[in-house]
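The block underneath contains the structure these notes are about, expressed in structure tokens.
Below you can see the structure in the form of structure tokens.
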């Protein structure tokens, strides 16, 4: 396999067909996530700390807050469930749109490689026609990770919720802290190996997603058959896949860093103007230049992310076709190709 020729073909493909950039933006919608957290301040000193043990949870303010939470627990639970439901629905929407974009990128890249000139609408229709299998495959791949996450949360809950309850109820702070340190150490002994397993599984998910999506779009496979075909393609091309992945990731990293530096350069005039003002109040020109620079940086980040997503998809589509051709006659049947998936 000529790795660099494949990469050059993909680069020319993405440069000449700007509709791939739009599909790349849509495909990136399925890669969101977020986290939240909080912490408690350290206890103060003196009589305001509450009981004889210095437990901060015995202070009137904390007790009043806990009483309000207890009295409005049903409302809080309903609010939390409502927020969780909205987040789940929003995540599913982004997942569906992202998989449509992924399917469109794969289909259009394959058609361009075959000498055709598909547009955005062709890619969108191809993605929509296979979205059920694409989304189903991603949901199947997410189940083990979800189970691992729930196990980790259960371990943390079993280890720390009783200690937290004892601390709130007025238990000795020093004794609770000692037991908390022991619980933390014991939890880490279980969570760290589970985290390593989760990391290894994420690598497997990346492999199966890369080849499984292409089996669905290009070969007409279902969600499970696509995973089977994708694994067979990878297993028959392990060394080629690893070498190609290293080259593509390194190239994406270099291009991404270069574009990010170029984007941050747009902030330099605003920063210089703010420094040059020298006063306590920022200059209007400095604020305006920073605002414009921020918009330019945002545009560069979005555009570069969309282009790199399209480029990565095109490279792996071309590679998948070459990998599969090397294994002709040895792969399990993936299913008949739907006529509406690749036609204009």
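Numbering (this note's numbering), first residue to last: 41 to 384.
Think of the CB as a built atom: it goes at the ideal place given N, C-alpha and C, for glycine as much as any other residue.
Which of helix, strand or coil DSSP assigns to residue i
| i | result |
| --- | --- |
| residue 137 | helix |
| residue 58 | coil |
| residue 45 | helix |
| residue 196 | helix |
| residue 323 | coil |
| residue 258 | helix |
| residue 306 | coil |
| residue 148 | helix |
| residue 158 | coil |
| residue 68 | helix |
| residue 170 | coil |
| residue 367 | coil |
| residue 276 | coil |
| residue 384 | Confidence in residue 384 is poor, its pLDDT being 31 and thus under 50, which makes the residue's placement unreliable; the coordinate value appears in the next sentence. Residue 384: coil per DSSP, three-state reduction. |
| residue 92 | Residue confidence is low: residue 92 scores 43 on pLDDT, short of 50, so the model does not pin down where it sits. Its coordinate-derived value is still stated next. In the structure shown, residue 92 sits in coil (DSSP, three-state: anything other than H, G, I, E or B). |
| residue 164 | helix |
Residue i and residue j closer than 9 Å at C-beta
| i | j | result |
| --- | --- | --- |
| residue 153 | residue 343 | no |
| residue 146 | residue 166 | yes |
| residue 316 | residue 332 | no |
| residue 337 | residue 314 | no |
| residue 281 | residue 256 | no |
| residue 158 | residue 57 | yes |
| residue 287 | residue 47 | yes |
| residue 235 | residue 187 | no |
| residue 199 | residue 223 | yes |
| residue 249 | residue 163 | no |
| residue 272 | residue 367 | yes |
| residue 311 | residue 334 | no |
Rounded Cβ spacing between residue i and residue j (contact assumed at less than 8 Å)
| i | j | result |
| --- | --- | --- |
| residue 174 | residue 253 | 6 Å |
| residue 137 | residue 180 | With a Cβ gap of about 19 Å, residue 137 and residue 180 do not count as contacting. |
| residue 274 | residue 251 | 6 Å |
| residue 149 | residue 353 | 6 Å |
| residue 63 | residue 144 | 4 Å |
| residue 263 | residue 177 | 4 Å |
| residue 50 | residue 351 | 6 Å |
| residue 66 | residue 161 | Actually they do not touch by this definition, with Cβ atoms about 13 Å apart. |
| residue 24 | residue 348 | The structure shown does not extend to residue 24, since the chain spans only 41 to 384, so no value can be given for it. |
heavy atom of the ligand SAM below 8 Å from residue i C-beta
| i | result |
| --- | --- |
| residue 118 | This structure lacks the ligand SAM, and indeed carries no ligand of any kind. |
May I ask you to verify whether the stretch 274-294 touches the stretch 349-365, counting CB pairs closer than 8 Å and requiring at least 3? yes
The stretch 332-349 touching the stretch 289-303, judged by at least three CB pairs closer than 8 Å: yes
Closer than 8 Å is the cut-off here; do at least three beta carbon pairs connect the stretch 123-131 with the stretch 42-55? no
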